[in-house]
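Just so you know, we're using my numbering here: the sequence shown kicks off at 1332 and counts up by one. Glycine included, C-beta positions come from ideal geometry on N, C-alpha and C.
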Amino acid sequence: MSSNKKKKQQGSLFWRIYIGVVAVALVAIAIGLIWLRGVVRDYEISQPVHAAQEVARLFEDGDYDRLYDLDTAAQELSGGDKALYVDSLKRLTEGGDVTWREAFSPNSDERKYAVSLAGERLATFTLVPSGKTTGHGNTLWTLGSVTTNVALEGTEAAGDLSAAPYRVSAPAGYVVTVNGQALTEANIVNSGIAILPEDFLPSGVTAPTMTEYAFFSEEGAPQLSATDESGEAAQVVQDGENAWTCPLKQNEQFRQQYSDAIITLAERIAKYTVKDLSKTSVLKNVASDSPAETILKKFSNDWAPPHKTAKVSDAVVSDFYVLSEDCFTCHVEFTFTLTSRRENDYVYPTSYTLCVVRRKGKGKLYNLTFN
């Protein structure tokens, strides 16, 4: 066989092998892309937003006949009258822009969504795992529950505060205003809610209480403000999706005046709890025959590891409430650090709630809780 003919045969064999390898590679890539596309599509299908869109579409399309069968609040809101439920929601949402978004759920096994009309809450619904999976093992979601959050006109619930979607709590004597209108006794759903237990305070000192109000808002998201008993502006803070709290105003002047003394007292108590201060020394700051005296006398201070020094740092005094001429309460938080002889630190975030009374012109600890 001539040399040229042999080279031609070798070249032909190379190209046949090369083309075969490339063809196999292209087929593998094509199969891989098809598989990857299927995996991506499978993953997208499993996302809860797809199930959420199906539920939200019932509100967007006004399919309230179907919602009545799904809504956990439908029977209660309409008194079992499906036509009233349907007609009321159609009238309520007519010409309005229904929107929805994911909301916070404390349950990691569900997804929660809020449905709103012109910025005001209309309903909520949840999704839960359906128990089924996609071909690639991804969890599929299904409707868990639907709850309408509005009172339907023409029903008893329309005037029933239990159906009101909003709540606000404020100290007794404070005035809370919603959208320019002051809430009244008619809005009260709970009163006399103790901020401090009565038995925490000396006899004759009245514990401050909170009042809870419920209300509707016909102007979208409500705007709240509050004033204290003296007519001065008070803080209002959001305390949940549709709830607010107006904290009892602390006496800022007294807090600044007595913060150092409170921190010193807290430090003495902390050091007593680790045997760095004697019982006799700490009881000098405690009112005789008081709950604090009993608590400290019975305190078992054997819990602490062996240490060389005990230090209080980053102390902050808050919730300083003057309850009478001779009594105030406050909360103190600090970092308590015990350092061993080998310079090892044991760090304990610590806080106390204290009740202090005046005895013979001097401040004395009357009660405390270890938080």
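(1) Measuring only from the beta carbon, is residue 1505 closer than 7 angstroms to any heavy atom that is part of the ligand NAD?
(2) What would DSSP say about residue 1547, mapped onto helix, strand or coil?
(3) Does DSSP put residue 1526 in a helix, a strand or coil?
(4) Would you report the Cα separation of residue 1679 and residue 1558, rounded to the nearest angstrom?
(5) Suppose contacts are defined by Cβ-Cβ distances below 8 angstroms. Is residue 1653 in contact with residue 1685 by that definition?
(6) Measuring alpha carbon to alpha carbon, tell me which of 1577, 1699, 1473 ends up nearest residue 1463.
(7) For residue 1497, tell me which candidate among 1350, 1675, 1571, 1443 has the shortest Cα-Cα distance.
(8) In its own chain, which residues sit with a C-beta less than 7 angstroms from the C-beta of residue 1696, not counting the 5 before and 5 after it?
(9) So if DSSP puts residue 1444 in a beta bridge, which residue, or which two residues, is it bridged to?
(10) Taking its Cβ as the centre, do 16 or more other Cβ atoms sit within 10 Å of residue 1659, making it buried, or is it exposed?
(11) Where do the N-terminal and C-terminal ends of the alpha helix (DSSP H) with residue 1398 fall, by residue?
(12) Pick out whichever of 1510, 1381, 1478, 1418 has its Cα sitting closest to the Cα of residue 1407.
(13) Roughly how many whole angstroms lie between the Cα atoms of residue 1381 and residue 1503?
(14) Is DSSP giving residue 1669 helix, strand or coil here?
(15) Assign residue 1542 to buried or exposed, taking buried as 16 or more other Cβ atoms, counted over all protein chains shown, within 10 Å of its Cβ.
(16) Can you tell me the Cβ-Cβ gap for residue 1505 and residue 1565, rounded? I've got them flagged as a contact below 8 angstroms.
(17) Please return the same chain residues whose Cβ sits closer than 6 angstroms to the Cβ of residue 1387, not counting the five positions on each side in sequence.
(18) Grab the span of the beta strand (DSSP E) containing residue 1556 for me, first residue to last.
(19) Checking 8 angstroms against the spacing of the C-beta atoms, do residue 1422 and residue 1573 come in under that value?
(20) Which class does residue 1569 belong to by DSSP, given the choice of helix, strand or coil?
(21) What span of residues does the alpha helix (DSSP H) with residue 1610 cover, start to end?
(22) Taking the alpha-carbon of residue 1459 as reference, which of 1666, 1405, 1476, 1537 has the nearest alpha-carbon?
(23) Give the straight-line distance between the Cα atoms of residue 1594 and residue 1544, rounded to the nearest whole angstrom.
(24) In whole angstroms, give me the CA-to-CA distance for residue 1429 and residue 1454.
(25) Report all residues from its chain with a CB closer than 6 angstroms to the CB of residue 1657; omit the five preceding and five following residues, and keep chain order.
(26) Distance check for residue 1655 and residue 1411, CA to CA, integer angstroms please.
(27) Given a cut-off of 8 angstroms on the beta-carbon distance, is the pair residue 1603 and residue 1632 in contact?
(28) Hey, how far is the Cα of residue 1600 from the Cα of residue 1613?
The answer reads as follows:
(1) Of the ligands one can find in the structure shown there are none, so the ligand NAD has no counterpart to examine.
(2) The count along the sequence shown starts at 1 and reaches residue 1547 at position 216. In this structure, residue 1547 counts as coil in the three-state DSSP scheme.
(3) Here residue 1526 corresponds to residue number 195 of the sequence shown, with the count starting at 1. Three-state DSSP puts residue 1526 in coil, outside helix and strand.
(4) Stepping through the sequence shown from its first residue, residue 1679 is reached at position 348. Stepping through the sequence shown from its first residue, residue 1558 is reached at position 227. Going from the Cα of residue 1679 to the Cα of residue 1558 covers about 38 angstroms.
(5) By 1-based counting over the sequence shown, the position of residue 1653 is 322. By 1-based counting over the sequence shown, the position of residue 1685 is 354. Cβ distance not < 8 angstroms, so residue 1653 and residue 1685 don't count as in contact.
(6) Looking up residue 1463 in the sequence shown gives position 132. The option with the nearest alpha carbon to residue 1463 is 1473.
(7) The sequence position of residue 1497 within the sequence shown is 166, counting from 1. That would be 1571, whose Cα lies nearest to the Cα of residue 1497.
(8) Within the sequence shown, the letter at position 365 stands for residue 1696. Excluding sequence neighbours, residue 1696 sits near 1596, 1616, 1617, 1618, 1623, 1685, 1687.
(9) For the purposes of this step, residue 1444 is taken as the residue at position 113 of the sequence shown. According to DSSP, which records beta bridges pairwise, residue 1444 is partnered with 1433, 1456.
(10) Your numbering for residue 1659 matches position 328 in the sequence shown. Its Cβ being crowded by 16 or more others within 10 Å, residue 1659 is buried.
(11) On the sequence shown, residue 1398 is found 67 positions in, with the first residue counted as 1. Residue 1398 -> alpha helix (DSSP H) spans 1395–1401.
(12) For the purposes of this step, residue 1407 is taken as the residue at position 76 of the sequence shown. Of the candidates 1510, 1381, 1478, 1418, the one whose C-alpha sits nearest the C-alpha of residue 1407 is 1478.
(13) Counting from one through the sequence shown, the residue named residue 1381 turns up at place 50. Counting from one through the sequence shown, the residue named residue 1503 turns up at place 172. Taking the straight line from one Cα to the other gives about 47 angstroms.
(14) Your numbering for residue 1669 matches position 338 in the sequence shown. Strand at residue 1669.
(15) Here residue 1542 corresponds to residue number 211 of the sequence shown, with the count starting at 1. With 16 or more other Cβ atoms within 10 Å, it is buried.
(16) The residue you call residue 1505 lines up with position 174 of the sequence shown. The residue you call residue 1565 lines up with position 234 of the sequence shown. Yes, they are in contact, since the Cβ atoms of residue 1505 and residue 1565 sit about 6 angstroms apart, within 8 angstroms.
(17) The sequence position of residue 1387 within the sequence shown is 56, counting from 1. 1431.
(18) For the purposes of this step, residue 1556 is taken as the residue at position 225 of the sequence shown. Segment 1555–1558, the beta strand (DSSP E) holding residue 1556.
(19) Within the sequence shown, the letter at position 91 stands for residue 1422. Within the sequence shown, the letter at position 242 stands for residue 1573. It is not a contact, given that the beta carbons lie outside the stated cut-off.
(20) As a position in the sequence shown, residue 1569 is number 238, starting the count at 1. Strand, per DSSP.
(21) Within the sequence shown, residue 1610 is the residue found at index 279, counting from 1. Looking at the DSSP string, the run of the alpha helix (DSSP H) that includes residue 1610 is 1610–1614.
(22) Locating residue 1459 in the sequence shown gives position 128, where the first residue counts as 1. Checking every option, the nearest Cα to that of residue 1459 belongs to 1476.
(23) Against the sequence shown, residue 1594 aligns to sequence position 263. Against the sequence shown, residue 1544 aligns to sequence position 213. The alpha-carbon atoms of residue 1594 and residue 1544 are separated by roughly 36 angstroms.
(24) For the purposes of this step, residue 1429 is identified with residue 98 of the sequence shown, where counting begins at 1. For the purposes of this step, residue 1454 is identified with residue 123 of the sequence shown, where counting begins at 1. Roughly 10 angstroms separates the two Cα atoms.
(25) As a position in the sequence shown, residue 1657 is number 326, starting the count at 1. Taken in chain order, the residues that qualify are 1688, 1689.
(26) Within the sequence shown, the letter at position 80 stands for residue 1411. Within the sequence shown, the letter at position 324 stands for residue 1655. So the two alpha carbons sit approximately 53 angstroms from each other.
(27) For this step, residue 1603 is matched to residue 272 along the sequence shown. For this step, residue 1632 is matched to residue 301 along the sequence shown. Taking 8 angstroms as the Cβ cut-off, residue 1603 and residue 1632 qualify as a contacting pair.
(28) Here residue 1600 refers to the residue found at position 269 of the sequence shown. Here residue 1613 refers to the residue found at position 282 of the sequence shown. Whole-angstrom Cα-Cα distance: 7 angstroms.
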